[in-house]
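Here the structure is laid out as structure tokens; the discussion comes afterwards.
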Amino acid sequence: MPDYLKTLPILLFLATATFAFAKSAACSVAQTSADYSRRRNLWLTVTVVVFLANSFWIYIVVVGAILLIATRKEPNKLALFFVLLFAVPPIPAEIGGLGIVNFLFVIDYLRLIALTVLLPAFLYLRKQKDTEPFGSNLADKLLAGYLLLQLGLILEVSTLTNAVRVGVFYPFLGIFLPYYVASRSMRTLSDFRGALTAFVLAALILSVVGLFEFVRHWLLYHPLENTLGINWKLSRYLARGDELRATASTGQPIPLGFAIAVAMGFYVYLKKSVADTRKWNFGMALLVGGLISSLSRGPWVGAAVMLLLFLVTNPRPMRRLIRVLLTGALVAPGILLSPAGDKVLSYLPWIGTVETSTIDFRAQLLEYSINVILRNPFFGAPDYINDVELQDLATGTGFIDIVNSYVGIGMAQGLVGLSLFLGVFLAVLLGVFKSMRRMPDKDSESYLLGQALFAVLVGILVTIGTVSSISIIPVVYWAVAGLGVAYVRMSKSREVLVTDNDHPRIGAGAARPQFQGAGRLDTA
């Protein structure tokens with residue numbers, strides 16, 4: 080039996096079990112049973128198609144058609160995008176140029192769902208009179224500057240055809256659409272709950288698959304390369320110490336850990352909306368297990384930063400911090416004194432002994448890249464990878480892994496590009512923080528959402544300082560930046576009428592309208 084026919088039933092079983100586990104909680108938070116079932120069935124259908132197509136192009140056409148039809152019925156298109164985001168690995172292939180050009184563009188699953196889910200949402204939103212025009216806030220302007228700079232730098236060294244492809248089309252799909260749809264479609268707390276619940280649900284499936292791969296030493300999506308006839312460079316069996324590093328559908332361990340870390344930040348926000356505490360705790364345990372299965376220390380650090388910031392921005396931070404410290408003080412000795420204690424310590428960042436060379440490599444990369452940036456400080460150099468100094472970091476095959484998103488941007492686009500890139504996130508962070516401070520009720524759901532977005536954004540900025548922006552990573556962080564913009568806009572509404580139905584809880588009483596004053600956007 081072919082390998083893909085062995086792994087498909089396992090994936091379907093793991094995903095179906097996860098959907099069944101999460102259904103009651105997810106439907107109680109923000110979505111109807113019909114919406115949930117439709118998204119579940121779509122996820123399963125897409126997975127079956129990609130495994131049984133036996134052709135990359137049949138899979139692309141069939142899945143594209145299915146998604147276009149499904150998008151029409153979807154009330155929260157960002158939620159649909161999030162729940163499907165990790166369903167299929169982003170295996171790429173070139174679409175031929177019909178003899179006119181070498182090729183039109185490279186298509187993969189991420190670009191496919193951008194075209195079929197996000198693009199229709201963008202076209203709809205831009206026609207709505209109440210949609211804020213792009214460029215109306217500081218983050219928009221900085222993002223526009225960043226995209227225009229990229230295009231200008233590419234035009235200097237490339238053909239017009241390639242510049243349109245690399246400088247316009249790819250950024251439009253991978254940067255602008257996730258940011259725009261997230262920033263303009265999220266208008267109520269119910270919208271946010273629906274989208275973040277969908278992201279967490281997708282990450283729960285990633286976690287369950289990652290745990291299976293970690294325990295069984297078997298990458299379930301790996302056979303797709305042969306099935307689709309594509310050599311995907313990202314998909315490889317990688318070990319750390321004696322353990323296989325799980326990848327699930329993301330192609331590499333680091334993107335897997337990154338996605339799950341972001342989901343953990345969102346999951347904390349959803350806690351108040353989930354009445355079943357035991358189910359919520361089990362879900363968090365699954366996410367933690369999935370994060371561990373990646374054996375990726377950068378996302379571990381990012382997740383820790385998110386948790387710490389979530390605690391610090393709490394209205395009563397000391398009480399929460401003390402509770403967490405006491406819990407850690409009780410649990411840590413048991414783990415460290417167990418037979419696995421030494422192994423756990425060996426994998427930890429900075430104090431561990433397994434593959435410490437990766438930490439040394441990152442330090443060297445930062446040192447060398449600073450010198451490269453200083454030689455072209457303003458707009459970088461398109462051929463920076465050929466710099467003599469960087470060749471000391473090349474592997475035996477000549478490959479140089481730029482495991483730091485900031486230095487990659489700085490070397491390619493200079494300090495101007497890096498400043499615009501960082502400026503987008505700093506502008507969003509400042510807006511979220513100011514919105515939180517203005518809220519009179521620090522125990523409200525709106526404030527809790529601000530905590531989660533602020534913590535996740537900072538955690539992302541920390542994490543991408545240790546990883547390159549590959550696979551699903553940039554799509555996720557641009558979408559989260561868009562969520563931050565939407566939160567700031569929502570928090571500026573001076574008068575909002577909300578009912579208990581907009582914040583459903585199990586056992587809640589009859590809905591009653593409540594008037595919210597300036598900055599107050601949630602239910603009591």
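My numbering numbers the first residue of the sequence shown as 80 and each following residue consecutively. Just so you know, even glycine gets a beta-carbon here, dropped at the ideal spot from N, CA and C.
Element boundaries [beta strand (DSSP E), containing F182]: Position 103 of the sequence shown, counted from the start, is the residue given in the question as residue 182. Note, F182: beta strand (DSSP E), 182-186.
Distance CB(F161)-CB(A327) smaller than 7 angstroms: Mapped onto the sequence shown, residue 161 falls at position 82. Mapped onto the sequence shown, residue 327 falls at position 248. In this structure, A327 does not lie closer than 7 angstroms to F161 by Cβ.
Helix, strand or coil at L164 [DSSP, three-state]: If you number the sequence shown from 1, residue 164 lands on position 85. Three-state DSSP puts L164 in coil, outside helix and strand.
Backbone CA spacing between Y566 and D321 [nearest angstrom]: As a working mapping, residue 566 is identified with position 487 in the sequence shown. As a working mapping, residue 321 is identified with position 242 in the sequence shown. Distance between the alpha carbons of Y566 and D321: 44 angstroms.
Neighbour-count burial assignment, T474, 16 or more Cβ in a 10 Å radius: If you number the sequence shown from 1, residue 474 lands on position 395. Exposed, because fewer than 16 other Cβ atoms sit within 10 Å of the Cβ of T474.
Contacting residues, own chain, Cβ-Cβ under 6 angstroms from A94 (five flanking each side not counted): Taking the sequence shown and counting its residues from 1, the one referred to as residue 94 is at position 15. Correct list, in chain order: I284.
Sequence-distant residues of the same chain with beta carbon closer than 6 angstroms to L388, five excluded per side: Taking the sequence shown and counting its residues from 1, one reaches residue 388 at position 309. Cβ neighbours of L388 beyond the five flanking positions: A534, V537.
CA-to-CA distance, K156 to A109, given in whole angstroms: Numbered from its first residue, the sequence shown carries residue 109 at position 30. Numbered from its first residue, the sequence shown carries residue 156 at position 77. Going by the C-alpha atoms only, they are around 14 angstroms apart.
Length of the line joining the Cα atoms of I89 and F504: Counted from its first residue, the sequence shown places residue 89 at position 10. Counted from its first residue, the sequence shown places residue 504 at position 425. Approximately 39 angstroms between the Cα atoms of the pair.
CB contact check: I139 to chain B, cutoff 7 angstroms: Protein chains in the displayed structure number just one, and chain B is not present.
The segment 137-148 in contact with the segment 114-127 per 3-pair CB rule at 8 angstroms: yes
Where W557 falls, given that 16 or more other Cβ within 10 Å makes a residue buried: Within the sequence shown, numbered from 1, the residue matching residue 557 stands at position 478. It is buried - the Cβ of W557 has at least 16 other Cβ atoms within 10 Å.
Proximity of A342 and L366 at Cβ, strictly below 7 angstroms: Against the sequence shown, residue 342 aligns to sequence position 263. Against the sequence shown, residue 366 aligns to sequence position 287. For A342 and L366, yes; Cβs fall inside 7 angstroms.
Member of A101, I549, L91, R441 whose CA lies at the smallest distance from the CA of T356: Translated into positions along the sequence shown, residue 356 becomes position 277. Nearest C-alpha to T356: A101.
Beta-carbon spacing of L268, E468 below 7 angstroms: Taking the sequence shown and counting its residues from 1, one reaches residue 268 at position 189. Taking the sequence shown and counting its residues from 1, one reaches residue 468 at position 389. Contact flag unset, no.
Whole-angstrom distance between K350 and L275, CA atom to CA atom: Start at 1 with the first residue of the sequence shown, and residue 275 comes out as number 196. Start at 1 with the first residue of the sequence shown, and residue 350 comes out as number 271. Taking the straight line joining both Cα atoms gives about 12 angstroms.
For V575, three-class secondary structure by DSSP: Stepping through the sequence shown from its first residue, residue 575 is reached at position 496. Its pLDDT being 43, under 50, V575 is placed unreliably in this model, and the value from its coordinates should be taken loosely. Here V575 sits in strand by DSSP.
Assigned exposure category for A99 - 16 Cβ within 10 Å defines buried: Stepping through the sequence shown from its first residue, residue 99 is reached at position 20. Under this definition A99 is an exposed residue.
Cβ neighbour criterion (16 or more within 10 Å) applied to S30: There is simply no residue 30 to check, as the chain begins at 80 and stops at 603 in what is shown.
Collapsed DSSP secondary structure at F92 in the structure displayed: Within the sequence shown, numbered from 1, the residue matching residue 92 stands at position 13. Note: F92 maps to helix in three-state DSSP.
Distance between beta carbons of A364 and F165, contact taken as under 8 angstroms: Position 86 of the sequence shown holds residue 165. Position 285 of the sequence shown holds residue 364. Contact doesn't hold; Cβ gap of about 19 angstroms is too wide.
For I174, three-class secondary structure by DSSP: Locating residue 174 in the sequence shown gives position 95, where the first residue counts as 1. In this structure, I174 counts as strand in the three-state DSSP scheme.
Local conformation of L427 per DSSP, three classes: Here residue 427 corresponds to residue number 348 of the sequence shown, with the count starting at 1. Three-state result, L427: coil.
Local Cβ density within 10 Å of W379, reported as buried at 16 or more and exposed below that: Position 300 of the sequence shown holds residue 379. W379 comes out buried.
Whole-angstrom distance between G561 and S352, CA atom to CA atom: In the sequence shown, the residue the question calls residue 352 occupies position 273. In the sequence shown, the residue the question calls residue 561 occupies position 482. Those two C-alpha atoms are separated by around 23 angstroms.
DSSP-derived helix/strand/coil call for L317: Your numbering for residue 317 matches position 238 in the sequence shown. Three-state result, L317: coil.
Nearest-angstrom Cα separation, counted from T111 out to L163: What you label residue 163 is simply residue 84 of the sequence shown in a count that begins at 1. What you label residue 111 is simply residue 32 of the sequence shown in a count that begins at 1. Near 17 angstroms, if we compare the C-alpha coordinates of T111 and L163.
C-beta contact flag for L256 and L197 at 7 angstroms: For the purposes of this step, residue 256 is taken as residue 177 along the sequence shown, with counting starting at 1. For the purposes of this step, residue 197 is taken as residue 118 along the sequence shown, with counting starting at 1. Yes. Within cutoff.
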